[in-house]
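As structure tokens, the structure follows; a few thoughts come after it.
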Amino acid sequence: MPADDDEALRRSCTRSLHGHGLQRPGELLAAIPADTEGDRYGEGGVVQELESEVARLLGKPASVFLPSGTMAQQIALRIHADRRRRRAVVFHPACHIDRHEGRGYERLHQLVGRPTGDEHRLLGLDDLREVAEPPAALVLELPQRDLGGSLPSWEDLQAQVAWARERGAAAHLDGARLWECGPAYDRPVREVAEPFDTVYVSFYKKLGGLSGCCLAGPEDTMAEVREWRRRHGGTLFALWPYAASDLAALRARLPRMGAYHAHALAIAAALREVPGVRVLPDPPQTSMMHIRLRTDADRMRAAALRLARDEGIWTWARSWPSPPGSAEVELDVGDATLGIEPEEMADVVGRLLR
-16 MPADDDEALR RSCTRSLHGH GLQRPGELLA AIPADTEGDR YGEGGVVQEL ESEVARLLGK
44 PASVFLPSGT MAQQIALRIH ADRRRRRAVV FHPACHIDRH EGRGYERLHQ LVGRPTGDEH
104 RLLGLDDLRE VAEPPAALVL ELPQRDLGGS LPSWEDLQAQ VAWARERGAA AHLDGARLWE
164 CGPAYDRPVR EVAEPFDTVY VSFYKKLGGL SGCCLAGPED TMAEVREWRR RHGGTLFALW
224 PYAASDLAAL RARLPRMGAY HAHALAIAAA LREVPGVRVL PDPPQTSMMH IRLRTDADRM
284 RAAALRLARD EGIWTWARSW PSPPGSAEVE LDVGDATLGI EPEEMADVVG RLLR
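Under the working numbering, the residues of the sequence shown are numbered -16 to 337, in order.
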């Protein structure tokens, strides 16, 4: 089936295993309060309200709203590099900045990427010690999406940030899904964000807002971020629709992160009993996980489309590249997933194998 047909089938389903389910444009707009105050070129109104709330939640002096994480992270790294008069940026081989953004950091900002470590495991202190050149910044992603939402231990995290400090480098947090790290570390998100010079958080990932993100850090750095946002074309005349949707999503779903995490653990325990199913990592560290099924991608897709047509349950129309004879999918626990009991989840996933 073409992608358009997949989407039409998804819209016809009444239940979803993944995230918050299908969020229709009208529902996203309906979540915006009627008394929302607009901004003008990113100044005032709900944009300022969102920036203040994020700065408070992350324990940073200031934050700036930007329309995309790609823009935000490139800007943060450019500022860190210019201030240190260095160009090298150290990151994990599966870093989103390097893998999914057309290497904008290189093409637009003349920065030099320095991957280190193994793409199939978390970054470790020994990997960082192999970097000889003086870096401008260290980028850490929490949680690591391509590794099923894995997290380093609290001690390892502190040691890696300390390595950056000792080398005179900035520590930047790719926290697209930082909101789900609080329950995993049993700490408030501000404590997780505290060691980092700059922190990026997304509002559509995990929270389900319309679009956009915030970059948080010191006042002087954020003032420079605003200048770079304008240079990137990100200071739109009206940012309020995005900011209003994002603020509503943040306030609605941040308190649910503990429930998402507990449900993810219960689902993993149920899936563990299904022959031919493997949870990665096991147990999940956050409220997301990867599920590897002992079947091929075409058979899994055919089974998934039958479930959607016959029972109105949306699972996965596509799988990730995985070892031969297996198909791998991502489960991000959200509002829709909370409506699926662990036993039913195990039954549905089992049927994808049969």
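For each residue, glycine too, the CB sits at the ideal point set by N, CA and C.
As the structure is a computational prediction, the values presented were derived from the model and not from experiment.
Task: 7 Å Cβ shell around Tyr24 - same chain, five flanking residues per side excluded - done: Walking along the sequence shown from the start, residue 24 turns up at place 41. Here the set comprises Thr218 and Phe220.
- [ ] Spell out a yes or no on whether the stretch 44 to 53 and the stretch 191 to 208 are touching, meaning 3 or more CB-CB pairs, one atom from each, closer than 8 Å.
- [x] Between the stretch 44 to 53 and the stretch 191 to 208, the count of Cβ pairs shorter than 8 Å is three or higher; the stretches touch.
TODO: Look at the alpha carbon of Glu311 and the alpha carbon of Val37, and state the distance between them as a whole number of angstroms.
DONE: Residue mapping note: residue 311 aligns to position 328 of the sequence shown, counting from 1. Residue mapping note: residue 37 aligns to position 54 of the sequence shown, counting from 1. Here the alpha carbon of Glu311 sits roughly 34 Å from the alpha carbon of Val37.
Open item on the list: Could you check whether Leu134 and Thr269 sit closer than 9 Å to each other, using their CB atoms as the reference points?
Closed with: Against the sequence shown, residue 269 aligns to sequence position 286. Against the sequence shown, residue 134 aligns to sequence position 151. Yes, these two residues count as a Cβ contact at 9 Å.
- [ ] Take the Cβ of Leu12 as the centre, count every other Cβ of all protein chains shown within 10 Å, and call the residue buried at 16 or more, exposed below.
- [x] The sequence position of residue 12 within the sequence shown is 29, counting from 1. The residue is exposed, with fewer than 16 neighbouring Cβ atoms inside 10 Å.
Task: Those runs of the beta strand (DSSP E) which lie wholly inside the stretch 234 to 282 and span at least 3 residues - done: Within the stretch 234 to 282, the complete beta strand (DSSP E) runs of at least 3 residues are 260 to 263 and 271 to 276.
TODO: Return helix, strand or coil for Trp299, following the three-state DSSP convention.
DONE: Residue 299 sits at position 316 when you count from the first residue of the sequence shown. Residue state, collapsed to three classes: coil.
TODO: Give the straight-line distance between the Cα atoms of Pro266 and Ala14, rounded to the nearest whole angstrom.
DONE: For the purposes of this step, residue 266 is identified with residue 283 of the sequence shown, where counting begins at 1. For the purposes of this step, residue 14 is identified with residue 31 of the sequence shown, where counting begins at 1. If I take the Cα positions, the gap works out to 34 Å.
Task: Supposed close pair Pro126, Arg160 - CB separation, criterion 8 Å - done: Taking the first residue of the sequence shown as position 1, residue 126 is located at position 143. Taking the first residue of the sequence shown as position 1, residue 160 is located at position 177. Yes, Pro126 and Arg160 are in contact; Cβ-Cβ is about 6 Å, under 8 Å.
Task: CA-to-CA distance, Asp109 to Pro201, given in whole angstroms - done: In the sequence shown, residue 201 corresponds to position 218, counting from 1. In the sequence shown, residue 109 corresponds to position 126, counting from 1. Inter-residue distance for Pro201 and Asp109 is about 30 Å (C-alpha atoms, whole angstroms).
TODO: Starting from Asp318, follow the alpha helix (DSSP H) in both directions and report where the run begins and ends.
DONE: The sequence position of residue 318 within the sequence shown is 335, counting from 1. For Asp318, the enclosing alpha helix (DSSP H) has its first and last residue at Asp318 to Leu321.
Task: Test item: CB-CB of Ala232 and Phe186 under 9 Å - done: Here residue 232 is taken as the residue at index 249 of the sequence shown, counted from 1. Here residue 186 is taken as the residue at index 203 of the sequence shown, counted from 1. It is a contact, given that the beta carbons lie within the stated cut-off.
- [ ] Would you check if there are 3 or more beta carbon pairs closer than 8 Å linking the stretch 163 to 183 to the stretch 39 to 47?
- [x] The count of Cβ pairs closer than 8 Å, one atom from the stretch 163 to 183 and one from the stretch 39 to 47, reaches three, so the stretches are in contact.
Open item on the list: By the three-class DSSP mapping on this structure, what secondary structure does Gly52 have?
Closed with: Reading the sequence shown from its first residue, position 69 is the one you call residue 52. In the three-state DSSP reduction, Gly52 falls in the helix class (H, G or I).
Open item on the list: One question on the structure: do Leu290 and Thr278 come within less than 9 Å of each other, judged by their Cβ atoms?
Closed with: In the sequence shown, counting from the first residue as 1, residue 290 sits at position 307. In the sequence shown, counting from the first residue as 1, residue 278 sits at position 295. Contact: no.
Task: Span of the beta strand (DSSP E) around Glu124 - done: Locating residue 124 in the sequence shown gives position 141, where the first residue counts as 1. For Glu124, the enclosing beta strand (DSSP E) has its first and last residue at Ala120 to Glu124.
Open item on the list: With three or more beta-carbon pairs closer than 8 Å as the criterion, would you say the stretch 240 to 256 touches the stretch 55 to 71?
Closed with: Counting Cβ pairs under 8 Å, fewer than three are found: no touch.
Task: beta strand (DSSP E) segment containing Ser136, residue limits - done: As a working note, residue 136 is residue 153 in the sequence shown. Run containing Ser136: none; DSSP gives neither H nor E here.
Open item on the list: In this structure, how does DSSP classify Thr204 when only helix, strand and coil are distinguished?
Closed with: For the purposes of this step, residue 204 is identified with residue 221 of the sequence shown, where counting begins at 1. Looking at Thr204 - three-state DSSP - the assignment turns out to be helix.
Open item on the list: Taking 6 Å as the limit between beta carbons, can you name the residues of its chain near Val182, skipping five residues before and five after?
Closed with: Walking along the sequence shown from the start, residue 182 turns up at place 199. In chain order, Leu41, Leu156, Gly158, Ala176 and Ala199 place their CB closer than 6 Å to the CB of Val182, counting only its own chain and leaving out the 5 sequence neighbours on each side.
Open item on the list: For Tyr225 and Gly2, what's the separation of their Cα atoms in angstroms?
Closed with: Numbered from its first residue, the sequence shown carries residue 225 at position 242. Numbered from its first residue, the sequence shown carries residue 2 at position 19. Between Tyr225 and Gly2, the alpha-carbon positions lie close to 20 Å from each other.
TODO: Determine, using beta carbons only, whether Gly333 and Val260 come nearer to each other than 9 Å.
DONE: Residue 333 sits at position 350 when you count from the first residue of the sequence shown. Residue 260 sits at position 277 when you count from the first residue of the sequence shown. It is a contact, given that the beta carbons lie within the stated cut-off.
Open item on the list: Run through the DSSP bridge pairs and tell me what Asp157 is partnered with.
Closed with: The residue given as residue 157 occupies position 174 in the sequence shown. According to the DSSP secondary-structure assignment, Asp157 is paired through a beta bridge with Glu124 and Tyr183.
TODO: Would you kindly report the start and end of the unbroken alpha helix (DSSP H) that includes Ala329?
DONE: Stepping through the sequence shown from its first residue, residue 329 is reached at position 346. Pro325 to Leu336 is the span of the alpha helix (DSSP H), which, as asked, contains Ala329.
Open item on the list: With H, G and I counted as helix, E and B as strand and the rest as coil, what does DSSP make of Pro224?
Closed with: Here residue 224 corresponds to residue number 241 of the sequence shown, with the count starting at 1. DSSP places Pro224 in helix when its eight states are reduced to three.
Task: Residues bridged to Asp315 (per DSSP) - done: For this step, residue 315 is matched to residue 332 along the sequence shown. Beta-bridge pairing links Asp315 to Met271.
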